[in-house]
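**Student:**
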Amino acid sequence: MTENVKPRAARTRATRRRIVDAAAALFIADGYTATTLEQIAKRAEVAVQTVYFHFGNKRTVLKEAVDLAVVGDDAPVGILGRPWLEEARAERDPRRVIELWTAYGRGIVTRIGPIMRVVRDAAVVDPDMAAQWTANMSQTATAFGVLAEQLDGLSALRVPVGEAVDILCALSGLEMYLVLSDRGWSPDRWERFVVESLAHALLSPA
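Start counting the sequence shown at 1; every next residue gets the next number (the UniProt record's numbering).
(1) Would Ala156 and Leu85 be called neighbours here (beta carbons separated by less than 8 Å)?
(2) So which of Ser186, Val194 and Ala143 has the shortest CA-CA distance to Val165?
(3) Taking the beta carbon of Asn57 as the centre, do at least 16 other beta carbons fall within 10 Å, making it buried, or is it exposed?
(4) Which value, in whole angstroms, describes the spacing of the CA atoms of Val179 and Ala131?
(5) Assuming Leu198 and Leu154 form a contact by the criterion Cβ under 8 Å, report the distance between their Cβ atoms to the nearest whole angstrom.
(6) Quick one: Cα of Val70 to Cα of Tyr52, how far?
(7) Where are the alpha helix (DSSP H) runs, 4 residues long or more, that stay fully inside the stretch 150-199, in chain order?
(8) Is the stretch 33-53 close to the stretch 4-23, with three or more CB pairs under 8 Å?
(9) Under a Cβ-count criterion, where at least 16 other Cβ atoms within 10 Å of its own Cβ denotes burial, should Ala10 be classed as buried or exposed?
(10) Between the Cα of Glu91 and those of Lys42, Arg120, Asn136 and Leu147, spot the shortest distance and give me the residue it belongs to.
(11) Given a threshold of 16 other Cβ atoms within 10 Å of its Cβ, counted over all protein chains shown, does Val119 qualify as buried or as exposed?
(12) Using beta-carbon positions only, say whether Val124 and Leu174 come within less than 8 Å of one another.
(13) Leaving out five residues on either side along the sequence, give the residues of the same chain with a beta carbon under 7 Å from the beta carbon of Tyr177.
(14) Please work out which residues of its chain come closer than 7 Å, Cβ to Cβ, to Arg59, disregarding the five sequence neighbours upstream and downstream, and give them in chain order.
(15) Whole-angstrom Cβ separation of Met137 and Val66, contact assumed at under 8 Å?
(16) When you measure from the CB of Asp126 to every non-hydrogen atom of the ligand MN, does any distance come out below 7 Å?
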């Protein structure tokens, strides 16, 4: 019994991933509104009933695509449960803490940027997409709250924790990345800019 369950679970996970990958590619290429579940099923090489079975609707597929892009894989572990955070939490040099968070954040924004453009554009006319955008911005602020609290615990902040979160969201959040990416900035340049800007705006003089 157990031997049969594991392969079945693996097949289910692989099918879900194939559907999500197909949907993400279509959303990015054609837009959220224009993409149908039938098109997603065809690209994923599954029956449309399979898409309905696993996700129920298009909005849920997109949410899964966003979540997958954030963490980079389909393991059931959120951002704040990832090993990199242990390294960041153990660091005592405030600037190095910012560097570690920004390096990891670079991976997130480069992965999530294309699909979140879809969400942002659809949010103008689609309440579900507006809610998705708001939810992701809220999750970002929550994560940056962890960073701000760590810097505060190191007695490194020159501003209150709440203001530090605001600055983090403004300077290293997705919206700034999209603006600078549209202006032709490379991820390397973005990362250097964010580290220097955050160090100047957040850290007390040595």
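Each residue gets a CB set at the ideal place from its N, CA and C atoms; glycine is no exception.
**Tutor:** According to the structure shown:
(1) For this step, residue 156 is matched to residue 156 along the sequence shown. For this step, residue 85 is matched to residue 85 along the sequence shown. Cβ distance not < 8 Å, so Ala156 and Leu85 don't count as in contact.
(2) One-based indexing of the sequence shown puts residue 165 at position 165. Minimum Cα distance to Val165 is reached at Ala143.
(3) The sequence position of residue 57 within the sequence shown is 57, counting from 1. With fewer than 16 Cβ atoms within 10 Å of its Cβ, Asn57 is classed as exposed.
(4) As a working mapping, residue 179 is identified with position 179 in the sequence shown. As a working mapping, residue 131 is identified with position 131 in the sequence shown. Their Cα atoms are separated by approximately 21 Å.
(5) On the sequence shown, residue 198 is found 198 positions in, with the first residue counted as 1. On the sequence shown, residue 154 is found 154 positions in, with the first residue counted as 1. Leu198 to Leu154, Cβ: 14 Å. No contact.
(6) Here residue 70 refers to the residue found at position 70 of the sequence shown. Here residue 52 refers to the residue found at position 52 of the sequence shown. Those two C-alpha atoms are separated by around 23 Å.
(7) DSSP runs (the alpha helix (DSSP H)) wholly in the stretch 150-199: 161-172 and 174-182.
(8) yes
(9) Within the sequence shown, the letter at position 10 stands for residue 10. Ala10 is exposed by the Cβ-count criterion.
(10) One-based indexing of the sequence shown puts residue 91 at position 91. Answer by Cα proximity: Leu147.
(11) Reading the sequence shown from its first residue, position 119 is the one you call residue 119. Buried is the call here.
(12) Counted from its first residue, the sequence shown places residue 124 at position 124. Counted from its first residue, the sequence shown places residue 174 at position 174. Cβ distance not < 8 Å, so Val124 and Leu174 don't count as in contact.
(13) Taking the first residue of the sequence shown as position 1, residue 177 is located at position 177. Contacts found: Val109, Gly113 and Trp190.
(14) Reading the sequence shown from its first residue, position 59 is the one you call residue 59. The residues are Asp128.
(15) Residue 137 sits at position 137 when you count from the first residue of the sequence shown. Residue 66 sits at position 66 when you count from the first residue of the sequence shown. That belief does not hold up - the Cβ atoms of Met137 and Val66 are roughly 12 Å apart, past 8 Å.
(16) Looking for the ligand MN in the displayed structure turns up nothing, as the structure carries no ligands at all.
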